[in-house]
Structure formats: C-alpha cells, structure tokens
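Colleague:
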Amino acid sequence: MVRVRAPNPSLLTLDGTNTYVAGGWVVDPGPDHPGHLDAVMEAAGGRIEGIALTHSHFDHSEGAQPLAERAGGVEVRLPEDGEEVGPFRAMATPGHAPDHVCLLFADGICFAGDTVLGRGSVFIAPGEGSLLAYLDSLRLLQGLSLKVLCPGHGPYVNDPAAKIDEYIFHRLERERLLLEALQAGARSEDELLDYAWSDAPVELRPAAALTLRAHLEKLSAEGRLPADMEPEGA
Ligand SMILES: [Zn+2]
Numbered sequence: 001m002v003r004v005r006a007p008n009p010s011l012l013t014l015d016g017t018n019t020y021v022a023g024g025w026v027v028d029p030g031p032d033h034p035g036h037l038d039a040v041m042e043a044a045g046g047r048i049e050g051i052a053l054t055h056s057h058f059d060h061s062e063g064a065q066p067l068a069e070r071a072g073g074v075e076v077r078l079p080e081d082g083e084e085v086g087p088f089r090a091m092a093t094p095g096h097a098p099d100h101v102c103l104l105f106a107d108g109i110c111f112a113g114d115t116v117l118g119r120g121s122v123f124i125a126p127g128e129g130s131l132l133a134y135l136d137s138l139r140l141l142q143g144l145s146l147k148v149l150c151p152g153h154g155p156y157v158n159d160p161a162a163k164i165d166e167y168i169f170h171r172l173e174r175e176r177l178l179l180e181a182l183q184a185g186a187r188s189e190d191e192l193l194d195y196a197w198s199d200a201p202v203e204l205r206p207a208a209a210l211t212l213r214a215h216l217e218k219l220s221a222e223g224r225l226p227a228d229m230e231p232e233g234a
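Numbering of the sequence shown is given in our numbering, commencing with residue 1 and proceeding in unit increments.
The structure is reproduced here in structure tokens:
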C-alpha cells in the first residue's frame, strides 16, 4: 500500500487529499492535478486495474475520470454497502456525505475517506451531512477490529479504536455543552458558539457555525430541542 498526497492543502483538506494505491487499485484519486496524477501512476508502477472512491466530494473524485483515461479506460466505482470492488469490500458510513463508504482491505486495513481524519475532526455540514448518521457510522467502524485507518486527509491512524472513541467522545461532549447552553437559555448562534465552541479559533468560527447547525438538526430529529428552537413548520 502506498500513499500519495495531493497538492491541495486547505482548512478542510488539511495538508492535501490522500490518494492510495493498494492491490493494483487506486483509492480517491484526489483533484484533477496533472502532477498529482503522474505521481499516482508512478506509485502504481504504471498499471492501474481500477479506481474506487470513498465518496463523491470533488477533493477526492475530480481526478478519477482523467486518471481512468490515462490508465486505459479502467472502471471508476463508488460502491454501495457490502459491495466488493477490486480488492475492497465497501461498508456504508454516511455522515460526512450521504454516499460515503469505507473500503475494507486485507489485514485490518481500512480506507476511511473523510469518516476519520489523521488530524483534527471531520466536518459535518448541515443538510447534506448528518451527525446522527455519522455517529452510527463511527460505532459501526468501532465494531470491526481494524489495525490501521488510512484517512482521506492527514497521517495514518495506527490505533483506530482509540481514535474512534475519541471522535465519539468529542461529538457527545459538544452536544452536552450545547444542551447545557440551551438549558441556560442561550438561543442565538453567537451565544451557542461562545458557550459550546469557545475553543474554536476565529478562522474556524464559520465552520463551527455550520457544525452547530448540524448538531441542532440532530437534536431536532431526536425531539430534544427546546420547543422555541424548532424550525418553523417542523
Ligand atoms: Zn475530503
């Protein structure tokens, strides 16, 4: 297994999207960047049998068609739950994106896409994302005895159980703080962020605001929001 990091660093992609070559297949080709796709071809020894995606977000999938063409027209697959593609078995892990899957490979190796990152936490947007589904997906992953997670961004995760525990704890801790703030009467976005995301650096405040909305969606779906916070028409 080889990792090739794409040159697309940002707040959300960390130091860039990780592309992997495993069992002759490519996982998440990343952006359509000629130099990156060259590096992926080279890492694959010039021969690619197929391309698998963890989800359809552009920072993972944009380079898929161009790479498939370079490789002589190989297939590009975003498999469904339980499907086997090339050397992988897909497991549905919605949350970050509705079509997200983790790709299980040999020896307890799991290509985790954006379900678990090597650093920091996963961005769950309201609407397209779902915190409720995300927590279920984390618990599902936790039930497998994985040896290493190969994340879509950041370094390898060599202790998957500890990392997933930490992720679940982190989300539930945010939720606990948020419920505390709501109970204390906080209602505006600023008040809720000040209380439950007081540690978020100012440049991450917009992302925190979206995450807050994803939390409110979850609480609403569970019937745990104060009545005066329910969205109109709900
Ligand atoms: Zn990503």
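From the three backbone atoms N, C-alpha and C, an ideal C-beta is built for every residue, glycine too.
Closer than 8 Å by C-beta to L192: which residues in its own chain qualify, once you throw out the five before and the five after it? Chain order, please.
Modeller: For the purposes of this step, residue 192 is identified with residue 192 of the sequence shown, where counting begins at 1. If we look at L192 and ignore the five residues flanking it on each side, its Cβ neighbours are L178, A181, L182, A186 and L212.
Colleague: Pick helix, strand or coil for V111, following the three-state DSSP scheme.
Modeller: What you label residue 111 is simply residue 111 of the sequence shown in a count that begins at 1. Correcting the residue identity first, residue 111 is Phe in this sequence and not Val. F111: strand per DSSP, three-state reduction.
Colleague: Hey, R171 and L140: beta-carbon distance below 8 Å or not?
Modeller: Residue mapping note: residue 171 aligns to position 171 of the sequence shown, counting from 1. Residue mapping note: residue 140 aligns to position 140 of the sequence shown, counting from 1. It is not a contact, given that the beta carbons lie outside the stated cut-off.
Colleague: So which of F105, R70 and E75 has the shortest CA-CA distance to G82?
Modeller: The count along the sequence shown starts at 1 and reaches residue 82 at position 82. Looking at the Cα atoms, F105 is the closest of the given residues.
Colleague: On a Cα-Cα basis, can you pick out the residue from S61, E222, Q65 and L204 that is closest to A133?
Modeller: Taking the first residue of the sequence shown as position 1, residue 133 is located at position 133. Nearest C-alpha to A133: E222.
Colleague: Under DSSP, the alpha helix (DSSP H) around L225 begins and ends at which residues?
Modeller: For the purposes of this step, residue 225 is taken as residue 225 along the sequence shown, with counting starting at 1. Run containing L225: none; DSSP gives neither H nor E here.
Colleague: Where DSSP assigns a beta bridge to P90, which residues make up the other side?
Modeller: As a working note, residue 90 is residue 90 in the sequence shown. It is worth fixing the name first, because residue 90 is Ala in this sequence and not Pro. DSSP output for A90 lists L103 as bridge partner(s).
Colleague: Tell me which same chain residues have a C-beta within less than 7 Å of the C-beta of A234, skipping the five on either side of it?
Modeller: Your numbering for residue 234 matches position 234 in the sequence shown. Because A234 carries a pLDDT of 47, less than 50, the predicted location of this residue cannot be relied on, and the following value inherits that uncertainty. S220.
Colleague: Give the DSSP-derived three-state secondary structure of L149 in the structure shown.
Modeller: Taking the sequence shown and counting its residues from 1, the one referred to as residue 149 is at position 149. Strand.
Colleague: Who's in the neighbourhood of ligand 1, going by beta-carbon under 5 Å from any heavy atom, listed in chain order?
Modeller: Result: D59, D114 and G152.
Colleague: R3 by DSSP, collapsed to three states: which one?
Modeller: To locate residue 3, count along the sequence shown from 1; it is residue 3. Looking at R3 - three-state DSSP - the assignment turns out to be strand.
Colleague: Please determine, among R176, K147, D194 and D190, the residue with the shortest C-alpha to C-alpha distance to R224.
Modeller: The residue given as residue 224 occupies position 224 in the sequence shown. That would be R176, whose Cα lies nearest to the Cα of R224.
Colleague: State buried or exposed for I164, treating a residue as buried only when at least 16 other CB atoms are found within 10 Å of its CB.
Modeller: As a working mapping, residue 164 is identified with position 164 in the sequence shown. Buried, because 16 or more other Cβ atoms sit within 10 Å of the Cβ of I164.
Colleague: Per DSSP, what kind of secondary structure is L14 in: helix, strand or coil?
Modeller: Translated into positions along the sequence shown, residue 14 becomes position 14. If DSSP states are grouped into helix, strand and coil, L14 belongs with the strands.
Colleague: Using the three-state DSSP reduction, which class does R77 fall into: helix, strand or coil?
Modeller: Sequence index remark: in the sequence shown, residue 77 carries index 77 (1-based). In the structure shown, R77 sits in a strand (DSSP, three-state: E or B).
Colleague: How many Å lie between R3 and E217 at the Cα?
Modeller: The residue you call residue 3 lines up with position 3 of the sequence shown. The residue you call residue 217 lines up with position 217 of the sequence shown. Computed Cα separation, rounded: 36 Å.
Colleague: Sorted by chain position, which residues of the same chain lie with C-beta nearer than 6 Å to G63's C-beta, five sequence neighbours on each side aside?
Modeller: One-based indexing of the sequence shown puts residue 63 at position 63. If we look at G63 and ignore the five residues flanking it on each side, its Cβ neighbours are P29, G30, P31, D32 and L37.
Colleague: Using a Cβ-Cβ cutoff of less than 8 Å, which residues in the same chain neighbour S130 once the five nearest sequence positions on both sides are dropped?
Modeller: As a first step, residue 130 is located in the sequence shown; it is residue number 130 there, counting from the start. The residues are P94, G95, P98, I124, A214, E217 and K218.
Colleague: Where T54 and A161 are concerned, what is the direct C-alpha to C-alpha distance, given to the nearest angstrom?
Modeller: Residue mapping note: residue 54 aligns to position 54 of the sequence shown, counting from 1. Residue mapping note: residue 161 aligns to position 161 of the sequence shown, counting from 1. T54 and A161: Cα-Cα distance of roughly 20 Å.
Colleague: Return the bridge partner residues of T19 from the DSSP annotation.
Modeller: Counting from 1 along the sequence shown, the entry for residue 19 is found at position 19. Answer is V4.
Colleague: If you follow the beta strand (DSSP E) that A184 is part of, which residue opens it and which one closes it?
Modeller: On the sequence shown, residue 184 is found 184 positions in, with the first residue counted as 1. From DSSP, A184 is part of no beta strand (DSSP E); its letter is neither H nor E.
Colleague: Rounding to the nearest angstrom, what Cα-Cα distance links E49 and G86 in this structure?
Modeller: Position 49 of the sequence shown, counting from 1, holds the residue named residue 49. Position 86 of the sequence shown, counting from 1, holds the residue named residue 86. One C-alpha to the other measures close to 8 Å.
Colleague: CA-CA distance, A6 and N18?
Modeller: Residue mapping note: residue 6 aligns to position 6 of the sequence shown, counting from 1. Residue mapping note: residue 18 aligns to position 18 of the sequence shown, counting from 1. Rounded to the nearest angstrom, the two C-alpha atoms are 6 Å apart.
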